[in-house]
Structure formats: C-alpha cells, structure tokens
Amino acid sequence: MTINPEINWLSDLQVFAVNRLPAHSDHYYYETLEEARSAAPMKLRHSLNGNWKFTYSINPESRPKSFYQPDVHTTSWGDITVPGHIQLQGYGKPQYVNTMYPWDGHNDIRPPEIPMDDNPVGSYVKMFTVPAHMQNKPLYISFQGVESAFYVWLNGKFVGYSEDTFTPAEFELTPFLTEGENKLAVEVYQRSTGSWLEDQDFWRMSGIFRDVYLYTVPEIHVYDASIRAELEANFKKGTLLADLKLQSLATKSASKITADLYDKNSNLVATKNAVEKDGDWTLTLEVDGPTLWSAENPYLYKLYIQVFNEEGRLVEVVPQKVGFRRFELVDKIMRLNGERIVFKGVNRHEFNCRTGRAITKEDMLWDIQTLKRNNMNAVRTSHYPNQSYWYELCDEYGIYLIDEMNLETHGSWQKMMTVDPSWNIPGNKPEWEKIVMDRAVSMYERDKNHPSILIWSCGNESYAGEVILNVSKYFKKVDPSRLVHYEGVFHNREYNDTSDMESRMYAKPADIEKYLSENPEKPYISCEYMHAMGNSLGGMYKYTDLEQKYPMYQGGFIWDYIDQALIKKNRYGEEFLAYGGDFGDRPTDYGFCTNGIVYANRELSPKMQEVKFLYQNFKLLPDENGVTIKNESLFSDTSDYVLECILHLEGKELHREQHYVVVAPQSEGRVEFEWPPGMEEEAGEYCIHTSFKLKESNRWADAGYEMAFGQYVFKVEGAEESKGMRGNLRVVNGDVNIGVHGQDFKVIFSKAVGSLVSLNYAGKEMIELPPAPLFWRATTDNDRGFAQGFYSGLWYVASLARKCVAVDLVEETDQVTVGFTYKLSIHNDVEVSNRFTVLADGSLMVKSAYHGAENLPQLPIFAVSFKVPADYDQLEWYAMGPEENYSDRKMGARLGVFRNQVSDNVSGYVVPQESGNRTGVRRLDVMNDRGQGIRISSTSEPVECNVSPYTAFELENANHHYALPKVHYTVVTVAGQQMGVGGDDSWGAPVQEEHLIPANQELEFEFKIQRL
C-alpha cells in the first residue's frame, strides 16, 4: 500500500489509481432475504452526502497543504454540498467549451502536461462517526463520481488517489479508523492527466458531484457478480450463468451458495446450488421458454443469490434483476431476439440547469418517462458512464443503451473543423494504453449485468489507433454477448475493425444512402444526427424514411436530449438560462451547449412533437373509408391500445368512435370507419384524426395517453357561396391618404407611408404599425452556422427599407382596391406589391406578390408583417399544430383547432430566434380577453403565420431573453412561405433544397382580415 502521495501524479500517465479497490459489479446486497425482497435501502451503506467543510484554491501552490492533519481545524471554512460542482456553489466559475481544450490560449502545453497556474483545488473535510451497526467490521468508502482527480486522507493518514471522473473509486478505510469522530479529507483537482481524455462537449467543472457513502460487508461477501442471461439460437431456452468472486474475513469461508430465480409474478422458476473452484463460485440455471427482454416488453426476472457461512447461517443475499435477450450480428444486420432492430435514439448528457451533472433520481425518472412517452427506444450515454440508477431504470422501463466509456480527446486531433492528428492521443502511443484501458475496465465491470446495454462504446471523437483498437478487443474478449461501437474509425480506416458497425456523425441522407447502396460490410447507425441546436430538427423525416428502405440502416441518435444551460442571475437579480461566456469564461463556445429536444429546465421543446411522430412504431394511414395500421414493433401487438377515430369538419368535431384491434408485430391491419350516414355530405374541409391511446395506465403514462396518430384531410365540394357583399362604401381620395368608409368601420391608406395605416372597427383601431413586406426572419442557430447573415443579409436590409413607386386605386361596386408597388435597393429588377381590397362588410383581402431576379441569395421568408395593440394577445388557430412547425418540420404536426397566447410563441430557445410559426393556417383569430379582434383567413391555399410579442429584428438583436424589450405590441406575420429550419448540422449545413425559397421566381399569396 502506497502511503506517501505526490503532487506529480496529476501529470504522470502511469499513476491514475493508488490504493483504489478493483472495479466490480454494481449489485446490491443485504443480510436477510426479507430485506432483499423488499428492495429497501441498504443498511450496510451510510451516506456521506450533505454539507462538507470546504475551501477553494486557484492552484495547487495556494492550497492548504496540511489541511488533512487531525490537528488542523476547519470549522471556520466555508460550506459546500456534496454531491455538487464546486463552480456552481460560489467558488470559481464554470467554463463551456466544445472541442478545444479549456486552457487553449492560456497555456502552451501538450499532453500529459497540465496547467499548474490555473488548476483549481477543492479541499473538502467531513467529520463522521461510524454507525453502530457498522462498527467492528471492515469499512470502505465509495466515491461515485469526482472530477477530475482526487486524494483521500482519513485521520491524517493517506488513503488513496484516483482519476476517471465518471466511474466509482473505492478505498478501504479500516486501518485508519479511530473510535468516535473521524476526519475525512479529500483534495480535488480540476486538471489532471485525465483531463486530456475528458474533452467532451460540456461545461468544464470539478468537485465531488456524485454520491459518497461508507459501506461495510458481511463476513462473506460477493465482491463481484458476473451474471449472463443467455439464449439458444432458437430463443426457446435460456441459460443463466453466474460467476461470483467472494471476499471474506481471514478465517471465514462459504459452505453453500444457492440461487433462486423468480418471474415477475414472484413464481419460482428455477433453483440451483453454486459450485466452488479455487475460491470462486459458479452456477448455471436452465430456463425453458423464458419471457424475453426488449424495450417493448422489458421483462425482468429476479435472481436471489444466498451465501451461507460454515455454520450454515445465511450471511448475505444478493438480489439481481435479469433479462433474457440475445443481441447479435447476423448477415450484416444487428438483431435482438432474432429481429432486425432500429434505434430510435437520442444522445443524453446528465444535466440539470441548477446543479449541472449532479442530477437526482427525480431527474432521471422524468427523463426515462419522457423518452418512453415520446417513442424513443435508445440512448447513447454521451460521452461517459452514467449513474448506476440510470441503468436500472433503462432495464426496468425498456431503453436500449450504447454505454460509452469516459474518453474524448477531440481537441488533440481536430482544430477549427480540420482533421490534424499530429499530436492525437491516445493514438498509437503505448504509454497511454493503461490509463485508457482502466476506464474501459471500470465501465465494463460496473455495468456488465444490465440487459439494457446492447453495445459498448470505446469513447467519442478521439480519432483512431492501436490503443482504442485494443479497448475494442478487450470488450469483445470479456463480453461476446454485446457488440462494440466506435465512430472515430471514419477518419482512419486502418483501424476499421475497432467497430462492429458503421457509425457516422451528421452524415447527410444522400451520403448514408450512398454507403448503403454500395454493398457495405457493416450495418449503419448515425451515432449523432439532427443537431437540435435552437430551432432545428428540420428534415428529420429524410433519415427516418431510410428505416424501411434499407435493412442495414438501423437508426440513429439525435444530438441531443437536453440543453446544457445553467441558471444565472442578471444584474437586476432575475434568473435566466446562461450559456458559454455568460460566466466570464474564456475561451468559450458560447451557445453551442444548447442542443436539446428538452429545455434545460426539463420542459419539452416544440421539436419533441416531430421526434414523437417520426419515432412512433405504429403508422396510422387513414383514408375516407378506414385506416390502415402498420405495426413496425418487433415484438408487441396493438392490444394495449384503443384506436380512436374522429371526424372533423372545418375544425369542428362531428363524430368520435373507438375500436379495439389487434395487429401483430411487423404486420398490417385495417379498420373501416363506422360513421353515421350522411356525415360527409356538407361541403367543406374534412379531417379524419386517428390515434392509438393507452388502454390502461403504466409506469410512464396514464390511460388515454396518445402514442401514435395519423390524419387524412379531404374536401367535399358544394355550390359556390356568393362572395359578394353588398353595401355602400364611401371613398375619400385625399392629397396624402385614401379613406374607405363603411357603416361602422373605416380603412385608411397612406400614399406617403405606402401602406395601410388604419383599420378601425366600431372605434377600435387595429393597426399599430402598417403592414410591410418582410424577407428576413430572426436568425436561428442553424442559420447562424450556415452564415445566413453573410449570404442572405441583404434581405435584412430589404425588410427595413423599401421605396413605394406606385399607388393605385380601383373603385368597384361593393369593393375598393388600393395597391402599393415597391422597389428594393438590393436589385433593380425586384418588385414587390401589396394590394388591399376593402369589402362592403369591412373585411380586407390582402394579396402580396414578388417578382424576383437572378443572382440573389435565398429568401428566408416572404411575408407581410404588421403590429396590432398588445391587448390582442389571445390566439385561436385552425392550422397545423399544436406546437410550432415549419415546412421541413411539420410531419408531427396535426390539423386542428388550437389555442394559445402570443407570449407562448416565443419558444424557450436559449438564444432568441425565429420561433412560433404555424404552417397550413386556414384561419387565425387574434383577440383580446373579451374575444374581440381580427380573424386572418387563407383564401385559396393555406398560409404560414407567426404571432409574437417581438419583431424579427428585436429577436435578432437580443442574445438573451432578458435583453428583449418590454411588450408593447402584438406582431402579426403572415407568410406565403418561410424556408425550413434545417438540422443536418449547425455549422454549415444548408436547409434541404426543397425547403428553400429561391429569389429568382414569382411568388404570390393572399389572405383575408375580418373583424371578430
């Protein structure tokens, strides 16, 4: 045992674990069978979570070097909460960087050097007394997660040292204990050799951020259990294999170990005694016709391993949940229990907007339920092993996992988007193999018994080389029941054998199809796709469409699950969600940490609407007569769901019926509608909405929750209603203004302004700012990555200034038309016109036309925008919804009547940007709280609408929501077309071509404004 710690271990490649106990499985253990069956908190563990004494030092030189000594008093020190990050509790500051190392520009170093002038040190002290029931027994301590390196002392004696932020580090405390109060001292360093291996895309922080607890063990203890539930090739017979490593007091040995296997109804399935050889114990249980585990039916058996001492007394019980499943590569396709699997996945960082990566069980429960409710079946633990409780939840709820080891060295081989592995680590450098392999071993040993883990991942974005290849070989050697993943070989095909599947990041659909159509050797997954930064996820359907087209396309993992934004207060004491740079952290990558389909405060973003639809296993394809049901599930039929069918006319429900139908997995079914006679005779637009809803409540959703839907829209033609409205209109063609007056309304157009300036109904003025052509939308994160401001910025200018070159007035019976023609400074040939036709009842037809020109960049939007008083903040839509949607992100939207408020249309993207749009707008009511206001209706073709408290330019110029002005208006934008939002990536990928607006075309749209 090493007793003299050294500071140079921090930069010594060969020292990453001193006196640390060997990694082992994360099983629970109890002293009685009753405790084990009740799954009660372990009595043999004692939590040290809570308040610790603490002091912070900016570097090792300034740390209190002897604080661990018993006679050094720390009562005057500050306090800190464990688990928690140092930088989120008033010490130092968090720093967000993506690929570059956090010291870039500050320290000119290369691995394994570390900056010692800026290497914050946290000195922790916890006083504890050994609980009575744990006295006179061996005592150990477990640190579940400490970033990034730490030393431990007890009562002044050195205990141990460890690196690897995301796997447990455990030490024995027995030799250092004293009677009564004990002084535990922990010295945590932010920078270590391990920091070179932890260049993940996340906030850089440090501290004891996962649980800390004391534990003891019975006189004979199962130290490690390797439990494998295997299936024969025909899936009819299961074999449960267990290898047990025992730890016992010097004179104690086990006389018998038994294993009992129960099904989920607590029926005994099998029982067996273990066999001992050379001190280790093994057992084999045969199970005929086991119920198989999958994400669709996460069936778990319960195994109880009972250890008896030499006197025959039961001394320990190990409960272990077991799932029988077989995951393998067959004919170049990944199969689970014989069926081709498709990963409908997401990458997930552990994150909480207040506590960073120190997340709670409640956070994890919310996450797992959210995944299930939104049809996701897989998670990649990007890019480190998660808390053990997460794996338990994935076993129980049914989520497939790619378990990824704590390795990313992105900044060592990719600089400014250019691949440059000149000093890449670990590469082929043998001196790095031990420290890297230690991380693989620690992850495997802890997590090996979880059926939810299908794939081991060798880390993320660390290029390729012999070291990572050897990690892959290790996983394959110790665990042939799982496959191995690593994306980095894409950059160096010499090490292609590292990964069992072709895995790429942000490959475009065309590139994926090219790979799949050229007789590939490996199945394909996108380990990262759909970069969900801000208003994104456009074009996701192009990826999910590949699922049924190419058998070797086996899904992907969206980047990513949750925004990494932290709560901070602005100068006025108001909380806001902060991103990189907001803490004075430099260097930084600013808002690149906000890529979630869930906001940082754990509210769903509008993007989830698209994810849920495109990931649904049940495809509902209605027509006028019935609905075809395609069940793409691998193992589950539709018996858990009610099929609900609703017929609407112009948004109003006419009839609702329910059906109970059983469609087998991977098959089709059909249900005919049973509408009452004559339901579809009236002229108008009909919408048939079909959905599958849960019959009964389950662990993640209540009865009646909708899991899948499909719609069919059709029109019934009838006699044309006369659109003419009779009435006397009085026209005043003044020197500056044109007034059109009716019985209780007046409409005024200004020749000087070049637009409508007044729409007054019964004394209520509706126009606060005149309608004007709009060609610019508030830049989205994807627009920014594409450099839209550079390529299309002239449309920003065009939206701010135009010249009215013609005003024309046409008076007809019962209607008056005033037209305005505009020229733009950006091109002599571009011409835009807005024509307003006032009808006898005071309603207004608005037609906007655009005449394009060559050699102009794409238009972000072609629209008319105006302001009404802010009191008109209540909205009712008959449109695609309920959440915002765009031309390339509307598959998950449904046609219906929805209500919200204007403020709801400013989505919670951390950087203000375009949001709140609805496509397929048939009508939109903009009202005050008394139901008064205006209705905007499409005429021939539906339009797109956005109603916001802010203009596109106010959003454009705010970097945070608190920087937006106070609300004074309601801004109404009616568009003939808006470009898609994109999402292939956020650093240059254009929006897919069919969702762009070329500037060299003729465009026209029309809508109607009428009073409410």
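Numbering (numbering that gives the first Met the number 0), first residue to last: 0 to 1011.
Backbone N, C-alpha and C fix where the C-beta goes; we use that ideal spot for every residue, glycine too.
- If you draw a 10 Å sphere on the C-beta of I467, you find 16 or more other C-beta atoms in it, and that means buried.
- With fewer than 16 other CB atoms across the displayed protein chains lying within 10 angstroms of its CB, T417 is exposed.
- DSSP links F691 through a beta bridge to L642, A707.
- Around the beta carbon of G709, 16 or more other beta carbons sit within 10 angstroms, so the residue counts as buried.
- Residue pairing of D242 in beta bridges, as defined by DSSP: S225, T281.
- Under a 10 Å Cβ-count criterion, P450 is classified as buried, with 16 or more other Cβ atoms of the shown protein chains found around its own Cβ.
- Membership of M504 in the beta strand (DSSP E) is indicated by the continuous run 501-504.
- Ranking A892, L633, W986, G932 by CA distance to the CA of K763 puts G932 first.
- When DSSP states are grouped into helix, strand and coil, I6 belongs to the helix group.
- Closest in C-alpha terms to E444, from the list Y188, I226, E679, I113, comes I226.
- If you ignore the 5 residues before and after L47, its C-beta comes within less than 8 Å of the C-beta of V81, K125, F127, I140, L183, V211, Y212, L213, all in its own chain and listed in chain order.
- In this structure, the alpha-carbon of T283 lies about 17 Å from that of D277.
- For L793, no beta strand (DSSP E) segment is defined; the enclosing uninterrupted segment is the alpha helix (DSSP H) at 793-799.
- Looking from the CA of A839, the closest CA among K745, N781, N854 belongs to K745.
- Residues of the same chain with a CB within less than 8 Å of the CB of R353, apart from the 5 flanking positions on each side, are L87, L565, I566 in chain order.
- Separation of P137 and A148 (C-alpha to C-alpha, rounded to the nearest whole angstrom) is 25 Å.
- DSSP places H23 in the coil class of the three-state scheme, outside both helix and strand.
- Beyond the five residues adjoining it in sequence on each side, E673 comes within less than 8 Å, by CB distance, of E656 in the same chain, given in chain order.
- Every beta strand (DSSP E) of 3 residues or more that sits fully in the segment 708-784 is shown, in chain order, as 729-732, 736-740, 744-749, 754-760, 768-773.
- The beta carbon of G987 is closer than 7 Å to those of G784, F785 in its chain, skipping five residues each way along the sequence.
- By the Cβ-count criterion, V909 is buried, with 16 or more other Cβ atoms from all chains shown falling within 10 Å of its own Cβ.
- Per DSSP, F15 lies in no alpha helix (DSSP H) and is assigned neither H nor E.
- Around the beta carbon of S65, a 10 Å sphere encloses fewer than 16 other beta carbons of the protein chains shown; the residue is thus reported as exposed.
- With contacts defined as CB atoms closer than 8 Å, C944 and R917 qualify as a contacting pair.
- Judged by their CB atoms, T969 and V815 are not nearer to each other than the 8 Å cut-off.
- Taken atom to atom, the span from the alpha-carbon of Y540 to that of D330 is near 27 Å.
- Within the DSSP bridge table, the entry for C944 names R917, V973 as partners.
- In this structure the segment 400-419 lies against the segment 451-458, because at least three pairs of beta carbons, one per stretch, are closer than 8 Å.
- Between I860 and Q977, the CB-CB gap stays under 8 Å.
- Bridge partners of P621 according to DSSP: V626.
- At the C-beta level, S194 and P119 stay beyond 8 Å of one another.
- Taking C-beta separations shorter than 7 Å and ignoring five residues to either side along the sequence, the partners of H960 in its chain run F575, P911, following chain order.
- In the DSSP annotation of this structure, the continuous segment of the alpha helix (DSSP H) that includes L364 starts and ends at 360-372.
- Each residue's CA atom was taken as its position, placing N469 and D478 some 14 Å apart.
- For the 8 Å CB-CB criterion, D446 and L299 do not form a contact.
- Scanning its chain for C-beta atoms nearer than 7 Å, with the 5 sequence neighbours on each side dropped, one finds around L653 the residues L646, H647, M678, in chain order.
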